[in-house]
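Have a look at the structure below before the remarks.
Chains as they are written, first to last, in our numbering: chain B, 1 to 441; chain A, 442 to 663.
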């Protein structure tokens, strides 16, 4: 998933880490440079002191002990020197048996050298001319405490950096979540739209989202409008064709034709064929399918009206029942589902002797619709034939609906399947499985 | 039985009128929804056949106005719109039955007969029966004890009306209103003549005359 939140976090983390490291390193470098400068002047001073302590004594040149710091006599004190003369090399007592290396250049040495007892030494070399010879003085300072200090500063900086990084991230997360809340709201509304809990998106959104939301609303309206218009047009077409058909059917029943039974029969057959084909194709063209995201069929709202309609049409004391979970909404167009259930139940009512039952169940990934009747049923051997030929089950009873034909069209349209079984009531059981389109993604 | 047919397709209306006339119904025809609203409320029809796609006013609106105005006459919707959503809409608006075009003329006849029987509380009869008489509406004959007695068209419509209102007093004016369409000439004497014919065919006591009130179909066999 390509989340804005994650992208922002990754960007922020990398920028913060780079800047943080750069900041720590630069400040350490600046600190160390000034430290070195301080040590340099300190050690130059020291070397000048040592030079001044060189006096000509009775046995030649001597170091006046009273003029040098006591730190040079204390072993491993961290303060060392080496004095190099033409024929003699002196070293401080503090350095014990360690001989400071003779660095090649004068001034403060860039690199640290190893000293006694694992000390790291900062060296300073100064060359002087005195007593008509070249005197090289090397001063060394134990740098280990500084190193330790620098390390400590590094760790502290790292720790502080981490803590601030985490707090900045948390803060950023909060800010981003707050800034993206309208997006989250739109996302939730689109989900509700798909479940049919709303028909449009709320337009009270930040101005960045306004065009998107308005466009979606416009598309929804447009789709709904187009569907309505095409349905109306189909209805008008049906009306325009079916009314003359009704006239022709009526003419075919006239007494004048009674003396020509074969003429009358072929007229009727052809008219029936036209009618069936027309109804089936118009019915198929009317199907909305998944054109509208918010389409739904509210069982508790629609089924009572459908059942009272059926009871009125089949006015012969049939016991009609339906069962569906409370507040069940089927995620398909209302008219499609009405057409599916209407035809299924109508077919069942035509054949039933006293009872018709509808049950809608929610499955893991879809819905099961079961219609039972206690009529004569269809022998199991014939069911395959009935389904494969697409034969109509209602050919023999009154009414000229299309029965299972349009039912199969709708089931196919919803990518479902249809089975014929023995009903526990004694007649035919039609079982339809419809996969839930919301699970497709 | 007096019927109102509201249908704007003239050819179909012609067929319907001829067909219903042959079946002994007195039929008035209207093609405009606005006229239908008025005439449906003012004339005493026994049943109304209503098309939905009407000029002037849509059929469903006409029906809603009738029902809102307290009209209880059974209404059969006759329409090309055969989808269940539309059927439910029609029955919600107050229709009693719904027949989709194209239809077989016999189917319409059967639906009208069933609707009339239902409206008179005789819902579960496949045939109109009263006092030992069975009316065969397709053959316009009456059957008593298995014997068929043929009737003229006028006698048939009169007997059908009386049988649907058996054990009720029916005035002569009412008979005139319900057995003749709006354009026929109404003559009370003609009714008397037909009543006498029925009495001579089915027995004198089958229809009582209540002086000043009207006729009573009691079905008492002689």
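Ideal Cβ positions, reconstructed from N, Cα and C, are used throughout, including at glycine.
Item: Nearest residue (CA-CA) to residue 219 (chain B), options B:183, B:236, B:207, B:200; Value: B:200
Item: Simplified DSSP state of residue 317 (chain B), which is helix, strand or coil; Value: coil
Item: 8 Å Cβ cutoff, residue 656 (chain A) in contact with chain B; Value: no
Item: Whole-angstrom C-beta distance between residue 519 (chain A) and residue 540 (chain A), which should lie under 8 Å; Value: 5 Å
Item: Neighbour list for residue 526 (chain A) in chain B, Cβ cutoff strictly below 8 Å; Value: 334, 335, 338, 339
Item: Beta-carbon neighbours of residue 494 (chain A), restricted to chain B and to distances below 7 Å; Value: 239
Item: Terminal residues of the beta strand (DSSP E) in which residue 417 (chain B) lies; Value: 417-422
Item: Residue 124 (chain B) - containing beta strand (DSSP E), residue span; Value: 120-130
Item: Touching by the beta-carbon criterion (3+ pairs, under 8 Å), the stretch 414-432 of chain B and the stretch 524-531 of chain A; Value: no
Item: Residue 357 (chain B) - containing beta strand (DSSP E), residue span; Value: 355-363
Item: Chain-ordered neighbours of residue 515 (chain A) on chain B, where CB pairs are closer than 8 Å; Value: Chain B residues near residue 515 (chain A): none, gap ~11 Å exceeds 8 Å.
Item: Beta strand (DSSP E) segments (min. 3 residues) lying fully within the stretch 454-533 of chain A; Value: 467-471, 488-492, 516-520
Item: Environment of residue 544 (chain A) [buried if 16+ CB atoms lie within 10 Å]; Value: buried
Item: Contact residues within the stretch 419-439 of chain B, judged by C-beta distance below 9 Å to chain A; Value: none
Item: CB of residue 271 (chain B) within 8 Å of CB of residue 249 (chain B), strictly; Value: yes
Item: Exposure label - residue 38 (chain B); buried when at least 16 CB within 10 Å; Value: exposed
Item: Cβ distance (whole Å) where residue 590 (chain A) is taken to contact residue 642 (chain A) below 8 Å; Value: 6 Å
Item: Beta-carbon neighbours of residue 469 (chain A), restricted to chain B and to distances below 8 Å; Value: Chain B residues near residue 469 (chain A): none, gap ~19 Å exceeds 8 Å.
Item: is_contact[residue 499 (chain A), chain B] using C-beta, thresh 8 Å; Value: no
Item: Chain B contact residues for residue 460 (chain A), given Cβ-Cβ distances below 7 Å; Value: 250
Item: Any C-beta of chain A under 8 Å from that of residue 279 (chain B); Value: yes
Item: Complete beta strand (DSSP E) runs within the stretch 565-608 of chain A (minimum length 3 residues, chain order); Value: 569-571, 574-577, 582-585, 588-591
Item: Residue 397 (chain B) at chain A interface by Cβ criterion, 8 Å; Value: Because the pLDDT at residue 397 (chain B) is just 40, under 50, the model does not fix this residue reliably, and the point stays unresolved.
Item: Beta strand (DSSP E) segment containing residue 562 (chain A), residue limits; Value: Careful: residue 562 (chain A) lies outside any beta strand (DSSP E) and carries neither H nor E.
Item: Status (buried if at least 16 other CB within 10 Å, exposed otherwise) for residue 296 (chain B); Value: buried
Item: Validate contact between the stretch 229-242 of chain B and the stretch 205-219 of chain B using beta carbons, cut 8 Å, 3 pairs; Value: no
Item: Proximity test, Cβ basis, 8 Å: residue 247 (chain B) and chain A; Value: yes
Item: DSSP three-state assignment for residue 392 (chain B), whether helix, strand or coil; Value: Unreliable positioning characterises residue 392 (chain B) in this predicted model, as indicated by a pLDDT of 45, which lies under 50. The coordinate reading is nonetheless provided below. The answer is coil: DSSP assigns residue 392 (chain B) none of H, G, I, E or B.
Item: Nonlocal neighbours in the same chain, by C-beta distance under 8 Å from residue 252 (chain B), ignoring five residues either side; Value: 264, 267, 268, 271
Item: DSSP three-state assignment for residue 307 (chain B), whether helix, strand or coil; Value: helix
Item: Beta-bridge pairing of residue 332 (chain B) - partner residues as DSSP gives them; Value: BP columns for residue 332 (chain B) are empty, so no partner.
Item: Stretch pair the stretch 321-328 of chain B + the stretch 279-288 of chain B: three plus CB contacts closer than 8 Å; Value: no
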